[in-house]
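S.K.: One line per chain: the protein sequences are A, B and C, in this order. Per the numbering used here, residue 6 is the first one in the first sequence, and the count goes up by one each step. Per the numbering used here, residue 6 is the first one in the second sequence, and the count goes up by one each step. Per the numbering used here, residue 6 is the first one in the third sequence, and the count goes up by one each step. Note that beta-carbon positions come from the ideal geometry of N, C-alpha and C, so glycine has one too. Treat the numbers as computed from the prediction; the structure is a model and nothing was measured. Once you've had a glance at the structure underneath, I'll fire off some questions.
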Amino acid sequence: QVTLYGVIDTGIERVNHTNAAGDAVTRMPTLTGTLPSRWGVRGTEDLGNGASAVFQLESQFGPDTGAQGQGGRLFGRQAWLGLRGSFGTLSIGRQSNMTFHALVKTDTVGPSIHGVTNMDLYLPNARSDNALAYNGVFNNFIVGASHSFGRDANPAGFSGPSATNCPGESAADKRACRQTTALLGYDTGTWAVFTSWDKQHGGAGASNGLTRSADQERRRVISGYYLRGAVKLGGGYIKRDTVAGSRQESGLYFLGASIADRLWTYDVQCAHLDVEASPNDTTLYVARVIYHLSKRTALYGTWGYVRNRGSAAIAVDAGGTVGRGLNQSGQMLGVRHVF
Amino acid sequence: QVTLYGVIDTGIERVNHTNAAGDAVTRMPTLTGTLPSRWGVRGTEDLGNGASAVFQLESQFGPDTGAQGQGGRLFGRQAWLGLRGSFGTLSIGRQSNMTFHALVKTDTVGPSIHGVTNMDLYLPNARSDNALAYNGVFNNFIVGASHSFGRDANPAGFSGPSATNCPGESAADKRACRQTTALLGYDTGTWAVFTSWDKQHGGAGASNGLTRSADQERRRVISGYYLRGAVKLGGGYIKRDTVAGSRQESGLYFLGASIADRLWTYDVQCAHLDVEASPNDTTLYVARVIYHLSKRTALYGTWGYVRNRGSAAIAVDAGGTVGRGLNQSGQMLGVRHVF
Amino acid sequence: QVTLYGVIDTGIERVNHTNAAGDAVTRMPTLTGTLPSRWGVRGTEDLGNGASAVFQLESQFGPDTGAQGQGGRLFGRQAWLGLRGSFGTLSIGRQSNMTFHALVKTDTVGPSIHGVTNMDLYLPNARSDNALAYNGVFNNFIVGASHSFGRDANPAGFSGPSATNCPGESAADKRACRQTTALLGYDTGTWAVFTSWDKQHGGAGASNGLTRSADQERRRVISGYYLRGAVKLGGGYIKRDTVAGSRQESGLYFLGASIADRLWTYDVQCAHLDVEASPNDTTLYVARVIYHLSKRTALYGTWGYVRNRGSAAIAVDAGGTVGRGLNQSGQMLGVRHVF
């Protein structure tokens with residue numbers, strides 16, 4: 006049983022202070038609207054005894070130009086095969102890792118154009134190449150782990166947060182670009198708490214200064230949500246620790262609320278990034294409203310405001326830029342269709 | 006309701022005088038046969054009250070090598086989402102613009118290997134990135150308009166008429182790579198007239214010499230068709246006006262006739278490009294015959310002859326080359342399948 | 006009638022002696038497991054009188070990173086359209102050539118991570134761009150031929166055995182990158198013999214030293230299989246003759262056996278490459294076991310050992326490397342799903 010599915014989500018955004026001169030721009034975003042645009046194929050085969058084979062091939066594209074995402078990969082979002090049973094799911098390939106699973110239910114705006122994921126560009130790209138993963142659910146307990154032999158290749162010479170040029174799998178330097186992540190959660194459906202741990206090694210030529218295999222980037226997430234009627238609260242804390250020559254630590258806090266009925270969804274979120282021993286902290290505020298034309302089609306408006314202190318330069322919009330130390334506001338009107 | 010569809014159309018072409026030495030070549034074309042090869046996904050969702058959500062993701066490929074078209078874009082032909090109702094269709098994304106809509110019913114050979122679209126390589130690529138478009142039909146009146154915030158990106162370092170490296174959406178230079186097009190037509194089904202207007206701005210690094218945002222290329226189309234029984238006549242005039250440093254104007258005239266029955270389609274077309282204040286004019290003659298094996302599969306032969314005066318160098322075949330000032334003839338035998 | 010189909014096949018491999026220092030590596034392979042991962046669309050249309058139109062568009066990807074194969078081509082495995090009837094199949098596009106058809110039933114491990122195809126990297130890439138092909142079956146006789154006007158383009162600047170930068174179709178140098186292949190076989194279903202002939206011309210910038218159109222690489226295959234109950238024997242001989250400046254000849258022998266029941270398949274294969282007038286000979290041993298979880302899903306283990314004499318450097322695994330003159334062993338545990 007194979008399903009062809011997808012999302013097209015785009016619109017027009019306006020954002021000010023995109024450079025030191027403070028220039029504003031009006032454009033169609035490349036990376037996302039409320040969700041990144043994609044198409045994919047997924048399937049399940051019943052193997053008997055409650056077991057099944059499952060797979061997912063998912064391709065991101067930008068509806069602005071029609072180009073592939075993730076540095077020009079065909080199936081840059083997901084390319085994995087797994088076996089599922091009462092024991093959980095064991096999967097292999099390029100796939101989301103545990104940092105993704107710790108955030109997906111608690112970040113109430115998700116990989117939207119304005120949202121907490123802009124404050125750490127790894128978060129909307131929390132997937133690993135060359136990875137073995139395990140996910141299981143046992144009486145509300147969520148457990149998971151992944152190990153990658155080389156976390157992120159760079160098929161087309163592209164450089165960006167979704168293709169960090171750390172292919173690893175080096176015989177001479179076995180640690181290079183390895184990544185291990187783990188997850189523990191408790192999810193009742195009404196409320197949940199999650200905690201994850203994520204360690205990436207660097208490698209020659211890798212982005213973000215992680216150019217040696219001894220370099221490390223670690224993220225720990227504590228997050229949760231609470232659901233009551235039409236209201237959902239979700240928040241968390243992400244501790245990031247980068248050891249590449251010197252050491253840099255930061256903490257990212259986020260809290261959001263959603264109110265949903267059949268026709269309308271209202272979201273607010275705020276987030277704060279506290280860079281240790283630095284004045285370069287950033288605070289983000291997001292508000293979003295979605296009007297559902299049908300189950301699969303919606304119109305939306307989203308507004309974001311980021312306050313960059315010191316020389317911080319975190320853009321309010323996914324894939325955007327901001328003048329160093331400048332505050333920035335962004336607005337977007339868009340349309341989303343799921344097929 | 007999602008449909009997977011496509012066209013494979015290829016064959017063997019022969020063309021002479023491909024260079025100054027006058028060498029001929031026999032090959033499989035990359036860009037087209039009678040139609041460019043493609044696959045895509047399109048869908049419609051009924052939203053009630055006569056409204057619907059519609060989308061199209063369309064990917065061009067060359068059956069000669071299996072490579073993607075439009076400079077390596079996945080969905081380089083179409084990547085848009087729209088809302089349709091009695092008001093018309095409002096759509097957003099990479100999509101055909103009004104120059105396309107003014108020509109599609111009046112150019113009787115279309116983007117065929119030999120045809121008028123070879124005389125202005127923008128014509129078979131009359132689509133825009135980052136575009137909002139409106140199309141409506143009211144009592145035979147056809148109206149449409151599009152605006153692009155950046156008309157043509159270049160995902161893979163490719164250079165060609167279908168990826169002209171004008172991504173625009175620049176905060177510092179707001180006019181860069183913007184494009185606006187408009188359409189007015191009257192179409193009875195038996196006869197129609199169309200007129201369109203198309204203005205492109207240049208940008209840093211853009212192809213065709215349009216390297217500054219003040220540079221402009223404008224095209225105006227007047228076209229029409231007349232249908233009587235098995236015979237269709239179609240023709241038009243395209244005024245092109247390029248202002249990039251100096252100014253260059255040209256006029257492109259085309260006229261064609263098709264005769265179709267259940268098994269056979271016969272097409273002839275002639276076109277003339279008149280470059281103002283220049284001896285470098287070009288005249289094209291095309292003849293084509295299609296034999297329909299079924300509704301979806303056809304064999305065809307096509308013949309083209311181009312007469313390049315002065316130092317004109319317009320190739321008779323899509324994607325081809327010709328020695329400066331040389332005449333050129335081309336033949337192709339091909340097969341086409343629509344799925 | 007259009008079918009969306011595919012294979013995902015991956016796992017973890019270990020291989021030693023990957024470089025002069027003798028370093029081992031553990032990784033997910035990019036190119037294959039037991040089969041290269043792929044997705045595709047194929048279709049058939051009944052044209053009446055026993056004739057049909059057939060096509061195949063097939064895209065290879067690496068489940069390790071989600072990237073496209075064959076140098077970044079969308080449909081790098083197959084992109085062809087054909088007409089089929091009692092006369093056989095006439096097809097056009099990028100497609101497998103006769104060297105592939107001579108080996109597909111007789112190489113009992115196929116393009117597996119460990120197998121004879123590693124000893125001549127053309128063998129798992131025996132397909133041609135810009136090709137016309139004919140295949141027919143008449144009373145157990147198998148006949149076929151193909152001609153390519155330019156055997157292998159290089160869409161994305163990639164260099165490797167599957168994109169050898171020989172696009173050909175040159176007006177000035179008509180022989181450049183042409184390829185002709187032919188096949189004759191006799192196949193009863195219980196036993197078969199095949200023989201093929203394959204000649205490639207070089208071109209400016211082409212890989213493997215074939216940089217002039219006068220350069221040639223020729224391969225002749227004699228192969229066969231014998232099936233008795235659950236046991237299949239398959240083997241053959243491939244004579245390779247490279248004339249690029251100097252001349253190099255080699256002979257590649259392979260022999261394998263498979264035993265299959267409903268749940269298990271056991272394969273062994275050995276191969277020997279004899280490079281003429283050279284001590285750089287190589288011998289390969291392969292053993293593989295497949296456990297079928299269902300008709301479409303299987304687990305497998307495969308083991309290979311290569312003995313490189315002199316300064317030979319043939320890797321035991323597809324896409325791998327080995328220190329010059331070093332022996333090498335590789336193991337892989339994997340999972341395969343066909344949809």
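Which residues of chain A have a Cβ atom closer than 9 Å to the Cβ of VAL46(B), listed in chain order?
M.R.: Counting from one through the second sequence, the residue named residue 46(B) turns up at place 41. Under the 9 Å cutoff, chain A gives LEU9, GLY11, TRP44, PHE344.
S.K.: Does any residue of chain C have a CB that is nearer than 9 Å to the CB of PRO172(A)?
M.R.: Translated into positions along the first sequence, residue 172(A) becomes position 167. Answer yes: the Cβ-Cβ gap between PRO172(A) and chain C drops below 9 Å somewhere.
S.K.: Taking the straight line between their C-alpha atoms, what separation do you get for LEU137(A) and THR122(B)?
M.R.: Here the question's residue 137(A) lines up with position 132 in the first sequence. Here the question's residue 122(B) lines up with position 117 in the second sequence. Each residue's Cα considered, the two are about 51 Å apart.
S.K.: Quick one: list the residues of chain B neighbouring SER175(C), beta-carbon separation under 8 Å, in chain order.
M.R.: For this step, residue 175(C) is matched to residue 170 along the third sequence. In chain order: VAL30.
S.K.: Counting C-beta neighbours from all protein chains within 10 Å, is the total for THR37(C) 16 or more, i.e. buried, or is it exposed?
M.R.: For the purposes of this step, residue 37(C) is identified with residue 32 of the third sequence, where counting begins at 1. THR37(C) should be labelled buried.
S.K.: Kindly give me the distance between the Cβ atoms of VAL20(C) and VAL321(C), rounded to whole angstroms, as I take these residues to be in contact under 8 Å.
M.R.: For the purposes of this step, residue 20(C) is identified with residue 15 of the third sequence, where counting begins at 1. For the purposes of this step, residue 321(C) is identified with residue 316 of the third sequence, where counting begins at 1. Confirmed, Cβ separation roughly 6 Å.
S.K.: Can you tell me which residues form a DSSP beta bridge with ALA138(A)?
M.R.: As a position in the first sequence, residue 138(A) is number 133, starting the count at 1. Answer is SER96(A), SER151(A).
S.K.: Within 10 angstroms of its Cβ, does THR193(B) collect 16 or more other Cβ (buried), or is it exposed?
M.R.: To locate residue 193(B), count along the second sequence from 1; it is residue 188. So THR193(B) ends up on the exposed side.
S.K.: Check whether the Cβ atoms of HIS297(A) and ILE13(A) sit closer than 9 Å, and answer yes or no.
M.R.: Taking the first sequence and counting its residues from 1, the one referred to as residue 297(A) is at position 292. Taking the first sequence and counting its residues from 1, the one referred to as residue 13(A) is at position 8. Contact: no.
S.K.: Any beta carbon from chain B within less than 9 Å of ALA72(A)'s own beta carbon?
M.R.: Counted from its first residue, the first sequence places residue 72(A) at position 67. Yes, ALA72(A) counts as interfacial toward chain B.
S.K.: Since GLN274(C) and VAL294(C) are thought to touch, with beta carbons under 8 Å apart, how far apart are those beta carbons, to the nearest angstrom?
M.R.: Taking the third sequence and counting its residues from 1, one reaches residue 274(C) at position 269. Taking the third sequence and counting its residues from 1, one reaches residue 294(C) at position 289. Rounded, the Cβ-Cβ distance is 13 Å, inconsistent with contact.
S.K.: Please state the DSSP three-state secondary structure of ASN313(C).
M.R.: Residue mapping note: residue 313(C) aligns to position 308 of the third sequence, counting from 1. ASN313(C): strand per DSSP, three-state reduction.
S.K.: So who's on the other strand from THR49(B), going by DSSP bridges?
M.R.: Locating residue 49(B) in the second sequence gives position 44, where the first residue counts as 1. DSSP lists VAL59(B) as partners of THR49(B).
S.K.: Of all the CB atoms in chain B, is at least one closer than 9 Å to the CB of ALA58(C)?
M.R.: In the third sequence, counting from the first residue as 1, residue 58(C) sits at position 53. Answer yes: the Cβ-Cβ gap between ALA58(C) and chain B drops below 9 Å somewhere.
S.K.: Note down, in chain order, all residues in the region 112-129 of chain C with a beta-carbon under 9 Å from any beta-carbon belonging to chain A.
M.R.: Of all residues in the region 112-129 of chain C, none has a Cβ within less than 9 Å of some Cβ in chain A.
S.K.: In whole angstroms, what is the alpha-carbon distance linking VAL280(C) and ALA318(B)?
M.R.: Taking the first residue of the third sequence as position 1, residue 280(C) is located at position 275. Taking the first residue of the second sequence as position 1, residue 318(B) is located at position 313. If you take the alpha carbons of VAL280(C) and ALA318(B), they lie about 51 Å apart.
S.K.: Answer with buried or exposed for PHE282(C), where buried requires no fewer than 16 other C-beta atoms within 10 angstroms of its C-beta.
M.R.: One-based indexing of the third sequence puts residue 282(C) at position 277. The question names Phe, but residue 282(C) in the sequence shown is Ala. Exposed, by the Cβ-count rule.
S.K.: Between which two residues does the beta strand (DSSP E) harbouring ALA22(C) extend?
M.R.: Along the third sequence, read from residue 1 onward, the residue named residue 22(C) stands at position 17. According to the sequence as given, residue 22(C) is His; it is not Ala. Looking at the DSSP string, HIS22(C) is not in any beta strand (DSSP E), and its letter there is neither H nor E.
S.K.: Would you tell me roughly how many angstroms separate the C-alpha atoms of HIS152(B) and THR111(B), rounded to the nearest one?
M.R.: Numbered from its first residue, the second sequence carries residue 152(B) at position 147. Numbered from its first residue, the second sequence carries residue 111(B) at position 106. If you take the alpha carbons of HIS152(B) and THR111(B), they lie about 23 Å apart.
S.K.: Whose Cβ in chain A lies nearer than 8 Å to the Cβ of ASN135(B)?
M.R.: As a working mapping, residue 135(B) is identified with position 130 in the second sequence. Result: ARG32, MET33, ASP69, THR70.
S.K.: Are the region 94-104 of chain B and the region 208-219 of chain B in contact at 8 Å, needing three or more beta carbon pairs?
M.R.: Touching, no.
S.K.: Does the separation of the CB atoms of THR70(A) and PRO172(B) fall below 9 Å?
M.R.: Numbered from its first residue, the first sequence carries residue 70(A) at position 65. Numbered from its first residue, the second sequence carries residue 172(B) at position 167. Yes, these two residues count as a Cβ contact at 9 Å.
S.K.: If SER64(B) and LEU79(B) are in contact, beta carbons under 8 Å, what's the gap, nearest whole angstrom?
M.R.: Counting from one through the second sequence, the residue named residue 64(B) turns up at place 59. Counting from one through the second sequence, the residue named residue 79(B) turns up at place 74. With 8 Å as the limit, SER64(B) and LEU79(B) qualify as a contact, their Cβ atoms being about 6 Å apart.
S.K.: In chain A, what lies closer than 7 Å to ARG99(B) by C-beta?
M.R.: As a working note, residue 99(B) is residue 94 in the second sequence. By Cβ distance, chain A contributes PRO68, ASP69, THR70, GLY71.
S.K.: By Cβ distance below 6 Å, which residues in the same chain neighbour THR8(A) in space, the five residues on each side in sequence not counted?
M.R.: Residue mapping note: residue 8(A) aligns to position 3 of the first sequence, counting from 1. Only ARG47 meet the Cβ criterion.
S.K.: Provide the residue span of the beta strand (DSSP E) that contains MET337(A), from first to last.
M.R.: Working through the first sequence from its first residue, we reach residue 337(A) at position 332. Its beta strand (DSSP E) spans residues 333-343.
S.K.: Have a look at ARG82(C) and GLY76(C) and give me their C-alpha separation to the nearest angstrom.
M.R.: Counting from 1 along the third sequence, the entry for residue 82(C) is found at position 77. Counting from 1 along the third sequence, the entry for residue 76(C) is found at position 71. Rounded to the nearest angstrom, the two C-alpha atoms are 11 Å apart.
S.K.: Hey, is ARG89(A)'s beta-carbon within less than 9 Å of any beta-carbon in chain C?
M.R.: Taking the first residue of the first sequence as position 1, residue 89(A) is located at position 84. False, the Cβ-Cβ gap to chain C never drops below 9 Å.
S.K.: Can you tell which of GLU18(C), GLY115(C), PHE60(C) has its C-alpha closest to the C-alpha of GLY240(C)?
M.R.: Numbered from 1 along the third sequence, position 235 holds the residue referred to as residue 240(C). For the residues GLU18(C), GLY115(C), PHE60(C), the minimum Cα distance to GLY240(C) belongs to GLY115(C).
S.K.: In whole angstroms, what separates the C-alpha of GLY53(B) from that of ASP266(A)?
M.R.: Reading the second sequence from its first residue, position 48 is the one you call residue 53(B). Reading the first sequence from its first residue, position 261 is the one you call residue 266(A). Distance between the alpha carbons of GLY53(B) and ASP266(A) is about 19 Å.
S.K.: At the 9 Å Cβ level, is GLU50(A) part of the contact set with chain C, yes or no?
M.R.: Position 45 of the first sequence, counted from the first residue, corresponds to residue 50(A). Answer yes: the Cβ-Cβ gap between GLU50(A) and chain C drops below 9 Å somewhere.
S.K.: At 9 Å on the CB atoms, spell out the chain B contacts of THR23(A), in chain order.
M.R.: The sequence position of residue 23(A) within the first sequence is 18, counting from 1. ALA176, ALA177, listed in chain order.
S.K.: Which residues in chain C have a C-beta closer than 7 Å to the C-beta of VAL248(B)? List them in chain order.
M.R.: Here residue 248(B) is taken as the residue at index 243 of the second sequence, counted from 1. Those do not exist, as VAL248(B) stays about 35 Å from chain C at its closest Cβ, beyond 7 Å.
S.K.: Name the DSSP bridge partner or partners of LYS237(A)?
M.R.: On the first sequence, residue 237(A) is found 232 positions in, with the first residue counted as 1. According to DSSP, LYS237(A) bridges with LEU232(A), SER263(A).
S.K.: For the region 21-36 of chain C and the region 173-181 of chain A, state whether three or more C-beta atom pairs, one from each stretch, are separated by less than 8 Å.
M.R.: Yes, they touch.
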